[in-house]
Each structure stands twice: as C-alpha cells, then as structure tokens.
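Engineer: Please see the structure below; I have some questions.
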Amino acid sequence: MKNILIAADLYEEGPRPWNQEWESKLSVQEIQKELEELGYHSLIYSDRISLVERLVAIRPEDRENWLVWNLIEGYQSRNREAYIPNLCEFLGIAYTGSDAYAQIVSLDKSLCKEFAKKLAIPTSNSQLLKKGHRELRDLEFPIFLKPNFEGSSLGIYDSNIIQNQKEYESKIRELFELFDEVIAEEYLLGDEITVGLLGHFPEYLTTKPARIVTPGKVYDEHTKSKSEMPETLIFDLNSSEEKSLKKYVLDLGTELEIVGPARFDFMRKDGNFYFLEANLTPGLSLRYSCLPILCESSGISKREMFQKIIDSSAFNYQNSKRFLYGKGKF
Numbered sequence: 052m053k054n055i056l057i058a059a060d061l062y063e064e065g066p067r068p069w070n071q072e073w074e075s076k077l078s079v080q081e082i083q084k085e086l087e088e089l090g091y092h093s094l095i096y097s098d099r100i101s102l103v104e105r106l107v108a109i110r111p112e113d114r115e116n117w118l119v120w121n122l123i124e125g126y127q128s129r130n131r132e133a134y135i136p137n138l139c140e141f142l143g144i145a146y147t148g149s150d151a152y153a154q155i156v157s158l159d160k161s162l163c164k165e166f167a168k169k170l171a172i173p174t175s176n177s178q179l180l181k182k183g184h185r186e187l188r189d190l191e192f193p194i195f196l197k198p199n200f201e202g203s204s205l206g207i208y209d210s211n212i213i214q215n216q217k218e219y220e221s222k223i224r225e226l227f228e229l230f231d232e233v234i235a236e237e238y239l240l241g242d243e244i245t246v247g248l249l250g251h252f253p254e255y256l257t258t259k260p261a262r263i264v265t266p267g268k269v270y271d272e273h274t275k276s277k278s279e280m281p282e283t284l285i286f287d288l289n290s291s292e293e294k295s296l297k298k299y300v301l302d303l304g305t306e307l308e309i310v311g312p313a314r315f316d317f318m319r320k321d322g323n324f325y326f327l328e329a330n331l332t333p334g335l336s337l338r339y340s341c342l343p344i345l346c347e348s349s350g351i352s353k354r355e356m357f358q359k360i361i362d363s364s365a366f367n368y369q370n371s372k373r374f375l376y377g378k379g380k381f
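Its first residue numbered 52, the sequence shown is counted upward by one per residue in my numbering.
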C-alpha cells in the first residue's frame with residue numbers, strides 16, 4: 052500500500068451542530084504530514100462525490116496499492132460511520148479501522164450495551180426512547196439522557212442529568228427536536244475512564260486507561276473543542292483496575308472483531324467499572340484528541356500509532372473474507 056487517500060469530513064465545511072465529530076482541516080493536514088513522513092504518498096478528499104469518483108477510477112489491478120484513511124463521520128444516519136467500510140469492501144480497496152458491522156453496532160449505544168451485557172461487562176440500567184415511546188420504565192432517578200447515535204458529546208450538557216419527572220419531560224422534548232432516539236441511563240456519579248485500542252484480533256494492543264477530568268460535571272459538547280483540549284487525562288489507576296479494564300476492552304474487541312483505532316469509555320463508581328460506549332472512529336488529532344495521548348503515555352509514539360493502524364488495515368485486506376467479493380475472488 053503505497054498510496055493513501057484520506058477521506059475526511061472537514062469541521063470547517065460542515066453544518067452545525069452535526070459537524071461536531073468532524074476533524075478540523077489543520078488536524079487532517081497534520082495527519083497527512085505524519086503519513087508522508089512514514090513514506091506514503093497521500094491525498095485529501097473532503098468532497099464525497101469526488102471521493103467516490105476517485106475510488107472508482109482506481110484500476111482493479113492497482114487497488115492493492117491503495118488505502119483509504121477513514122475520517123468520514125457523516126450526520127443524521129445510523130449507518131453514517133459505515134459509509135467508507137461498505138464502499139471500500141464493495142470495490143476491493145483497503146481502509147482503516149473496523150468494518151461496517153462493528154461501526155454500526157458501536158454507534159448504536161443501546162445495542163452496544165447489549166453486547167457488553169452478553170459478555171458480563173457491567174453497564175448501567177438503561178432504556179431506549181423513541182418519539183412516541185417516551186414513558187420511562189423501571190429506571191430510578193437521577194437518570195442521564197443522551198442521543199443514541201451521536202458522538203463527541205453532541206447534545207450533552209450538565210442539564211442532561213435529570214432529577215425528577217418534571218425535568219425529564221422538559222429535557223426529552225428538547226432532545227427529540229434534534230434526535231430521533233435517546234438513551235436514558237441511571238446516572239452514575241463517578242470517574243469517567245477511557246482506554247484506547249490498536250491492532251486486530253488476535254494481536255490487539257491496549258493503552259493504559261486514563262481518568263478524564265473536565266471543567267463541568269459531564270464530558271459535554273463544549274468540552275470537545277476543535278481549538279483546544281480543556282479536559283485532562285490522568286493516568287492514576289492501579290494495576291488491578293488496569294487488568295479489569297483491559298479484559299473488558301479485549302472481550303468487546305474480540306466479540307465485534309474490532310480493528311484499531313478504537314476508544315472505550317467507562318464510568319468508575321465505588322471501585323467498579325461500568326461500560327458507557329465504544330468509539331470506532333476516534334479522533335486522531337494531535338491537538339485535541341484523547342487517543343494520541345493515551346498511546347504516547349503507553350509508550351506508543353504517534354508515528355508508531357499511525358503505522359500500527361496501517362499494518363492492521365493491510366492485514367485485514369490480505370486475510371479477511373470480507374474483501375473477496377470486491378476483489379472478484381472466491
């Protein structure tokens with residue numbers, strides 16, 4: 052894979068608030084610089100029509116020399132993080148990160164929690180709410196409300212902590228003005244913990260877990276900025292806690308056949324960890340994203356992080372049956 056096509060939604064070009072997860076133009080250029088320094092020729096495509104035309108134009112015999120670096124997030128679709136994996140597999144072109152199935156499961160927070168439960172990974176009691184079906188069942192206040200299909204804390208503020216039915220009725224009306232599905236969880240007051248994952252099964256590599264300290268009560272939309280990183284990552288978990296979190300991450304990674312990069316968020320309360328969500332298209336900005344910091348604090352340089360992502364993509368392209376149809380093989 053000599054050539055890398057960076058497929059990116061650019062924050063500066065997107066509609067508010069749906070561009071919250073998109074990388075800034077400067078961050079994408081910095082990623083391109085890292086890839087060039089690793090010896091790869093790279094091109095940035097932020098226009099989806101031009102991107103598709105460029106991919107289709109790659110000759111079948113030359114497709115093994117190309118890799119699509121997936122920074123596409125889209126908006127307002129439960130399938131949005133699967134756009135690039137589906138397209139690339141259909142055309143027989145390698146791409147970074149996890150496949151469409153894993154991307155869709157992880158984006159659906161309620162569904163991903165069901166996978167965690169299946170693996171005996173603790174997670175808070177929750178309920179999926181849809182327009183027209185908003186009556187709470189078997190949840191005790193306080194609860195926490197968040198969009199089911201969004202990332203980068205879109206739609207999340209301190210006011211999403213709900214103490215009673217009156218607050219719930221007001222907030223759920225507000226959220227349903229923007230989002231079709233909302234997940235209600237029994238609120239866990241504790242420390243938010245994040246863990247990174249690189250590699251592929253069976254050669255996964257987990258980072259050290261870190262405690263996220265933010266200016267407010269919750270890791271909200273305002274904290275996740277494109278110009279700065281107001282949150283702080285603190286690496287103060289003990290070895291027993293690290294071991295427990297590593298097992299949870301590896302179990303989920305194996306079950307969903309996740310390919311790095313990925314990030315997993317948990318809440319620590321009273322010494323126990325509860326799974327919150329998984330992000331299979333985590334930010335890679337060297338300015339404002341958690342994963343590069345998690346990697347560097349675990350002895351993985353930014354250059355090693357990028358190369359590891361490429362190596363896993365190449366491994367899957369060469370070995371996964373998912374690519375056979377696109378390659379025209381049996």
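Each residue gets a CB set at the ideal place from its N, CA and C atoms; glycine is no exception.
Bear in mind that the values here come from a model prediction, so they are computed numbers and not experimental data.
Taking the C-alpha atoms as reference points, what is the distance between residue 165 and residue 337?
Structural biologist: When the Cα atoms are used, residue 165 and residue 337 turn out to be separated by approximately 33 Å.
Engineer: Excluding the five sequence neighbours on either side, which residues of its own chain have a C-beta within less than 7 Å of the C-beta of residue 235, listed in chain order?
Structural biologist: 177, 178, 180, 187, 190, 194 and 196
Engineer: Who are the Cβ neighbours of residue 348 in its own chain at under 8 Å, not counting the five residues just before and after it?
Structural biologist: 258, 259, 261, 284 and 286
Engineer: Spatial neighbours of residue 292 within its chain, please: CB distance less than 8 Å, with the 5 preceding and 5 following residues excluded, ordered by chain position.
Structural biologist: 260, 319 and 324
Engineer: Thinking C-beta only, is residue 87 closer than 8 Å to residue 93?
Structural biologist: In this structure, residue 93 sits near residue 87, with a CB-CB distance shorter than 8 Å.
Engineer: Should residue 76 and residue 63 be called a contact, given that it needs their Cβ atoms to be closer than 8 Å?
Structural biologist: yes
Engineer: Does the pairing of the stretch 299-307 with the stretch 125-138 give three or more beta-carbon distances under 8 Å?
Structural biologist: no
Engineer: Can you find at least 3 beta carbon pairs, one from the stretch 152-160 and one from the stretch 206-216, that sit closer than 8 Å?
Structural biologist: No, the stretch 152-160 is not in contact with the stretch 206-216.
Engineer: Find the nearest neighbour of residue 161 within the set 137, 198 and 142, judged by alpha-carbon distance.
Structural biologist: 198
Engineer: Could you check the C-alpha separation between residue 167 and residue 89 for me, to the nearest Å?
Structural biologist: 36 Å
Engineer: Helix, strand or coil: which one does DSSP assign to residue 356?
Structural biologist: helix
Engineer: Use the C-beta contact count for residue 254: other C-beta atoms within 10 angstroms, 16 or more gives buried, fewer gives exposed.
Structural biologist: exposed
Engineer: Going by CA-CA distance only, name the one from 322, 204, 332 and 81 that's closest to residue 248.
Structural biologist: 332
Engineer: Tell me whether residue 127 sits in a helix, a strand or coil according to DSSP, three-state version.
Structural biologist: coil
Engineer: Under three-state DSSP, which class holds residue 113?
Structural biologist: Note: residue 113 maps to helix in three-state DSSP.
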